[in-house]
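Enquirer: Count along the sequence shown from 1, then add 1; that gives the number in our numbering.
Pasting a structure below so you can have a look.
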Amino acid sequence: MSDPKLSDIYREYIACLNRQDWPNLELFVDENAIHNRRPIGLIGYREMLERDFEQIPDLHFNIQLLVTDSSHVASRLAFDCTPKAAFLGLPVNGKKVSFTENVFYEFRGGKIVEVWSMVDKAAIEAQL
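As structure tokens, this is what we get:
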């Protein structure tokens, strides 16, 4: 059975990202956050997202699938965007691309403590 509260927190987190509301990111991300096994903390997490939005000005996170339990969120995010230059080592260079990302989050105390993320790079390659 899904935990509606964690689902609501996650939806608020995604809305925060889409608003680029960086001062409020600390409401959702733990200061010692880990991303793909790399300890990056809240500061590194924010820098990663700011870089993403710098490289992809029309970036928008769209929840396509969302599953939660008491401490984890699994989400499939869909993107339809235009990276300015190379993206994931691919020469996108201003071409509009569509792709998805499968992401798993561990939450503690209502905040993200660890993230495992996988972007569908093959979908981008097929469009180039």
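No residue lacks a Cβ here, since even glycine has one placed at the ideal position from N, Cα and C.
These figures come from a predicted structure and were not determined experimentally.
1. Count the other CB atoms within 10 Å of the CB of aspartate 31; is the residue buried (16 or more) or exposed (fewer)?
2. Does the stretch 89 to 97 come close enough to the stretch 62 to 75 to have 3 or more Cβ pairs within less than 8 Å?
3. Within its chain, find whatever has a CB closer than 8 Å to the CB of serine 8; leave out the 5 residues flanking it on each side and keep chain order.
4. The beta strand (DSSP E) that contains glutamine 65, what's its start and end?
5. Spatial neighbours of threonine 101 within its chain, please: C-beta separation below 6 Å, excluding the five flanking residues on both sides.
6. Can you confirm whether the stretch 34 to 44 touches the stretch 110 to 124 when touching is taken to mean that 3 or more C-beta pairs between the two stretches lie within less than 8 Å?
7. Alpha carbon to alpha carbon, how far is aspartate 81 from lysine 97? Give it in angstroms, no decimals.
8. Once the 5 residues before and after glutamine 56 are set aside, which same chain residues still bring their CB inside 8 Å of it?
9. Would you call valine 93 buried or exposed, if buried means 16 or more other Cβ atoms sit within 10 Å of its Cβ?
10. To which residues does DSSP link phenylalanine 80 through a beta bridge?
11. Excluding sequence positions up to five away, which residues of its chain have a Cβ less than 8 Å from the Cβ of glutamate 126?
12. Taking the Cβ atom as the reference point for each residue, do isoleucine 15 and phenylalanine 62 lie within a distance shorter than 8 Å?
13. What does DSSP give as the partner residues of arginine 39 in its beta bridges?
14. Does the beta-carbon of lysine 6 have 16 or more other beta-carbons within 10 angstroms, so that it is buried, or is it exposed?
Expert: Considering the structure as presented:
1. Sixteen is the threshold: when 16 or more other Cβ atoms of the shown chains lie within 10 Å of the Cβ of aspartate 31, as they do, the residue is buried.
2. Short answer: they don't touch.
3. Result list for serine 8: Leu67, Thr69, Val74, in chain order.
4. From DSSP, the beta strand (DSSP E) with glutamine 65 extends over 63 to 69.
5. In the same chain as threonine 101, and ignoring 5 residues on each side of it, the C-beta atoms closer than 6 Å to its own belong to Arg77, Ala79, Asp121, in chain order.
6. The stretch 110 to 124 vs the stretch 34 to 44: in contact.
7. Using only the alpha carbons, I get a separation of about 7 Å.
8. Taking glutamine 56 as the centre and dropping the five residues before and after it, the same chain places the C-beta of Pro84, Lys85, Ala86, Phe88 closer than 8 Å to its C-beta, in chain order.
9. It is buried - the Cβ of valine 93 has at least 16 other Cβ atoms within 10 Å.
10. Secondary-structure assignment with DSSP links phenylalanine 80 through a beta bridge to Phe100.
11. Excluding positions up to five away in sequence, the list reads Leu91.
12. Against a cut-off of 8 Å, the Cβ pair of phenylalanine 62 and isoleucine 15 comes out as a contact.
13. DSSP output for arginine 39 lists His36 as bridge partner(s).
14. Classification for lysine 6: exposed.
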